[in-house]
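Residue numbers for the sequence shown follow UniProt numbering, so the first one is 1 and each next one is one higher.
Positions of the beta carbon are idealized from the N, C-alpha and C atoms, including for glycine.
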Amino acid sequence: MNKIKNFKKEANYLVCIDSDGSAIDTMTEKHLKCFGPVLVEVWGLNEIKKEFLNKWNKINLYSSTRGINRFRGLVESFKVLKAEGIEMPEIKNLENWVKNSEELSNPALEKEIEKREDNTDLKLALKWSQELNKAISILQKDISKVFMGVKASLEKMYKKADLAVVSSANNEALLDEWHSYELDNYVKIILGQEAGAKAENIKELMDKGYDKDKVLMIGDALGDLRAAEENNVLFYPILAGKEEKSWQLLFEEASDKFFAGEYKGDYEAKLIDKFKSVLS
1 MNKIKNFKKE ANYLVCIDSD GSAIDTMTEK HLKCFGPVLV EVWGLNEIKK
51 EFLNKWNKIN LYSSTRGINR FRGLVESFKV LKAEGIEMPE IKNLENWVKN
101 SEELSNPALE KEIEKREDNT DLKLALKWSQ ELNKAISILQ KDISKVFMGV
151 KASLEKMYKK ADLAVVSSAN NEALLDEWHS YELDNYVKII LGQEAGAKAE
201 NIKELMDKGY DKDKVLMIGD ALGDLRAAEE NNVLFYPILA GKEEKSWQLL
251 FEEASDKFFA GEYKGDYEAK LIDKFKSVLS
């Protein structure tokens with residue numbers, strides 16, 4: 001369920017859905033309980049714990065970089081704190097890898113570590129990411145974490161479209177969550193960070209034969225919008241703090257416009273403008 005090469009087009013429409021913070025209310029919990037705290041522990045940042053966690057949460061949850069890849073978030077957090085005069089660990093190798101790698105995942109990082117002898121920062125980043133995955137895996141599963149309106153919207157759309165989860169979360173967690181919350185029956189494929197960048201995933205799915213005006217990306221972050229724009233496909237925003245209203249609008253109105261060919265243009269533009277204002 002997580003290999004694009006095995007994906008077969010069955011419908012004329014394709015709907016790609018981000019998971020954390022868009023369909024499932026796990027994004028904030030994961031960052032507050034796992035991402036930042038585990039990073040502080042692994043990297044030995046207890047002396048600046050408060051400053052670091054505040055910066056981490058702002059970058060990853062409460063700004064235009066919401067939803068950023070975990071390794072990009074690490075580099076950005078260190079960079080911002082260093083610019084503010086706080087002494088931070090050296091991460092030059094990690095910065096270069098994040099800047100140049102086509103895939104930002106644990107397997108890709110493991111390969112990079114094998115190439116270098118001077119790899120202390122890379123090893124710490126990998127240890128953090130692995131420990132992070134373990135911490136996420138033991139978070140309590142609760143069906144109430146699925147935003148109201150998600151299941152109804154998926155049930156409505158999958159009758160007319162091929163649905164795909166396109167996320168930057170780790171694949172194991174995605175498969176577990178979508179199965180636990182009984183959402184996986186509606187989607188044909190679940191793609192996490194191990195599958196590559198969102199934009200590339202959308203492109204590879206489109207190569208199965210979808211028209212760009214019949215492809216919709218649903219997400220809560222500017223990275224989701226950029227992934228859609230890079231492929232010239234449509235975008236539907238899930239507004240942070242107004243997720244349930246966003247899904248209600250998708251179910252009651254926006255999805256119908258999408259399938260009727262009436263979504264592109266002024267309607268989409270107004271939704272995106274509002275989306276950008278929320279994240280600014």
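- By the Cβ test, the segment 243-253 is not in contact with the segment 63-81, since fewer than three Cβ pairs between them sit closer than 8 angstroms.
- Just so you know, the alpha carbons of Tyr210 and Met217 end up roughly 13 angstroms apart.
- Excluding five sequence positions before and after Leu124, the CB atoms of its chain that fall closer than 7 angstroms to its own CB belong to Val42, Trp43, given in chain order.
- Unbroken alpha helix (DSSP H) runs of no fewer than 4 residues, entirely contained in the segment 146-192, are found at 150-157, 171-180, following chain order.
- Listed in chain order, the non-local C-beta contacts of Asn12 below 7 angstroms within the same chain comprise Lys214, local neighbours out to five positions each way being set aside.
- The C-alpha of Leu175 is placed about 8 angstroms away from the C-alpha of Asp184.
- Residue range 215-219 is occupied by the beta strand (DSSP E) that includes Gly219.
- Straight through space, the alpha carbons of Lys188 and Lys151 are spaced by roughly 15 angstroms.
- In this structure, Cys34 sits near Leu132, with a CB-CB distance shorter than 7 angstroms.
- Fewer than three beta-carbon pairs drawn from the segment 23-33 and the segment 74-81 are found closer than 8 angstroms, and the two stretches are therefore not classed as touching.
- With a 10 Å radius around the Cβ and a threshold of 16 neighbouring Cβ atoms, Lys115 comes out exposed.
- Taking all protein chains shown into account, Met206 has 16 or more neighbouring C-beta atoms within 10 Å of its C-beta and is therefore buried.
- In the DSSP annotation of this structure, the continuous segment of the alpha helix (DSSP H) that includes Ile113 starts and ends at 106-115.
- Distance from the Cα of Pro89 is smallest, within the candidate group Leu122, Lys160, Glu262, for Leu122.
- According to the DSSP assignment, Pro37 belongs to the alpha helix (DSSP H) that extends over 36-43.
- Asp266 and Ile272 have their C-alpha atoms roughly 10 angstroms apart.
- Non-local beta-carbon contacts of Met27 in its own chain, meaning distances under 6 angstroms to residues more than five positions away in sequence, involve Asp20, Gly21 in chain order.
- Membership of Val278 in the alpha helix (DSSP H) is indicated by the continuous run 266-279.
- A straight line joining the alpha-carbon of Asp162 with that of Asp18 spans about 14 angstroms.
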